[in-house]
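Quick note, the sequences are listed as chains C and X, same order.
Following my numbering, the numbering of the first sequence begins with -8 at its first residue and continues without gaps.
Following my numbering, the numbering of the second sequence begins with -8 at its first residue and continues without gaps.
Just so you know, even glycine gets a beta-carbon here, dropped at the ideal spot from N, CA and C.
Keep in mind that this is a model prediction, so the values were computed, not measured.
Single-structure report; data block below.
There are 2 protein chains.
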Amino acid sequence: MEFNLVNAAESQIHATGGRMTTQRRMILQALIECADHPTAEEIYQKVREKNPALNLSTVYRTLRWLEEHGLVNARRFDDDPRLERFDPVVEQGEDHFHFRCKKCNQITEFDTPLIEVVKTQFVDCFGGKVENATLVFYGLCAECLNLT
Amino acid sequence: MEFNLVNAAESQIHATGGRMTTQRRMILQALIECADHPTAEEIYQKVREKNPALNLSTVYRTLRWLEEHGLVNARRFDDDPRLERFDPVVEQGEDHFHFRCKKCNQITEFDTPLIEVVKTQFVDCFGGKVENATLVFYGLCAECLNLT
DNA sequence: GTGACTATTGCAAATAATTTGCAATAAATT
DNA sequence: AATTTATTGCAAATTATTTGCAATAGTCAC
Ligand SMILES: [Mn+2]
Ligand SMILES: [Mn+2]
Ligand SMILES: [Zn+2]
Ligand SMILES: [Zn+2]
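Structure below.
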């Protein structure tokens, strides 16, 4: 069974007495289609092509709702630190990590089992409990490195 | 020879035709004394105890200058995402990583050689070049976990 | 289907962190 | 001590995000 964000959102919404609206459907769709950690503004512009009446605050409200329900993650990258970017969840409860190219700003997603090892080492050393992790690499992507 | 932020700042300032002022000295001092990733506001309040005439924009300007000269790092944590926190550099050119307790907000610094391994694996897989890394763990510190 | 109920929307205004222009002040250099 | 100009304090601007509120539109019961 593969995870579908629109379906997951729809059931969550109904399960909590909410309503599935045209706006929410379009915002979800744009979020999925953008597929490279769009900002609220980028989603807003994309949906506006089809629905010029949409308001930016609706975009924010929808994204916050999705975030609170574990369906998107808000992320900030150090080289653009004021701008929140939105990352739809693909596998529920699974972290994944990011590389951001300092030149073209493209984001690459990756995963590694070693972070679990680092978590364990951290807990062995300091105690406590690690629930989640953010790992971001900054550098030059393969393409930008070649142009140097 | 151990690294001293105030001295490093002073020579950088003079090397670039800048001036060492009372404000800058006090801001640097507060940054070092706070020692737990203070915000601009926290530094501002601390310095104001001694120098009530200080202005918040001076704090920001000084911190930005230090950042541009590689003497502090600005950091944001996901659970307080709008607030910039400032982290004085201790060993130049060395990354270090953070754990933040979701309950008491205390930050623990740590390091691990495994991140270098992850960088290498990333480059083997995707190409390009990784220049620096941000790793943050979120969870409960030893103390907060015990109170549960 | 129609109407009633209320969650959601659009709009405009508020917030909050950080930045900026400018005239006054004070380090550094002579 | 006088000169030069980097830095400061202040007030206003900026920018991303949030919020109050009246109008709109999903949903559910009939
Ligand atoms: Mn992602
Ligand atoms: Mn640190
Ligand atoms: Zn690139
Ligand atoms: Zn704690």
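- Take L62(C), set aside five residues on each side of it, and the residues of its chain with a beta-carbon closer than 8 Å to its own are L(-4), A(-1), A0, Q3, P79, V80, in chain order.
- For V109(C), the chain X residues whose C-beta falls within less than 7 Å of its own C-beta are T103, L105, listed in chain order.
- In the DSSP assignment, the residues bridged to P79(C) are V63(C).
- At a C-beta separation below 9 Å, L136(C) has these neighbours in chain X: G118, G119, K120.
- The continuous beta strand (DSSP E) containing H89(C) extends over residues 88 to 92.
- Less than 9 Å separates the beta-carbon of D69(X) from that of V127(X).
- Just so you know, the alpha carbons of D102(X) and R15(C) end up roughly 42 Å apart.
- Any Cβ of chain X closer than 9 Å to the Cβ of P79(C) would place that residue at the interface, and such an atom is absent.
- Residues with their Cβ less than 7 Å from any non-hydrogen atom of ligand 3, running along the chain, are C92(C), K94(C), C95(C), Q97(C), L131(C), C132(C), E134(C), C135(C).
- Residue contact with chain C for V38(X): absent (no Cβ-Cβ distance below 9 Å to any residue of chain C).
- In this chain, the beta strand (DSSP E) harbouring T99(C) covers 98 to 101.
- The alpha-carbon of L136(C) is positioned some 20 Å away from that of D27(C).
- Bridge partners of A124(C) according to DSSP: F128(X).
- At a threshold of 8 Å, D69(X) does not count as near ligand 1, since its beta carbon sits no closer than that to any of the ligand's heavy atoms.
- Ligand 2 approaches N64(X) closely enough that one of its heavy atoms is under 8 Å from the residue's Cβ.
- Chain-order list of chain C residues neighbouring T30(X): empty, with the shortest C-beta distance near 14 Å, by a criterion of under 9 Å.
- Within the same chain, and ignoring the five residues on either side of E82(C) in sequence, the residues whose Cβ sits closer than 8 Å to its Cβ are F(-6).
- Assigned with DSSP and collapsed to three states, T13(C) falls in helix.
- For H89(X), the Cβ falls inside the 8 Å cut-off from some heavy atom of ligand 2.
- The alpha-carbon separation between K41(X) and I34(X) amounts to approximately 12 Å.
- Non-local C-beta neighbours of T53(X) in its own chain, meaning closer than 6 Å and more than five positions away in sequence, comprise R15, I18, ordered along the chain.
- Sequence-distant partners of N64(X) (beyond 5 residues in either direction) whose C-beta falls short of 6 Å from its own C-beta, in its chain, are D78.
- Closer than 8 Å to some heavy atom of ligand 2: that does not describe the Cβ of D102(X).
- Closer than 8 Å to some heavy atom of ligand 2: that describes the Cβ of D78(X).
- When DSSP states are grouped into helix, strand and coil, T7(X) belongs to the coil group.
- A straight line joining the alpha-carbon of V50(X) with that of A31(X) spans about 6 Å.
- Against chain X, the CB of D27(C) has no partner CB under 9 Å away; the residue lies outside that interface.
- Taking a Cβ-Cβ cut-off of 7 Å, the neighbours of A133(C) in chain X comprise F117, G118, G119, given in sequence order.
- The alpha-carbon separation between R55(X) and P29(C) amounts to approximately 27 Å.
- Using a cutoff of 8 Å, the CB of H28(X) counts as near ligand 2, since one of the ligand's heavy atoms is closer than that.
- For Q112(C), a Cβ of chain X is located within less than 9 Å of the residue's own Cβ.
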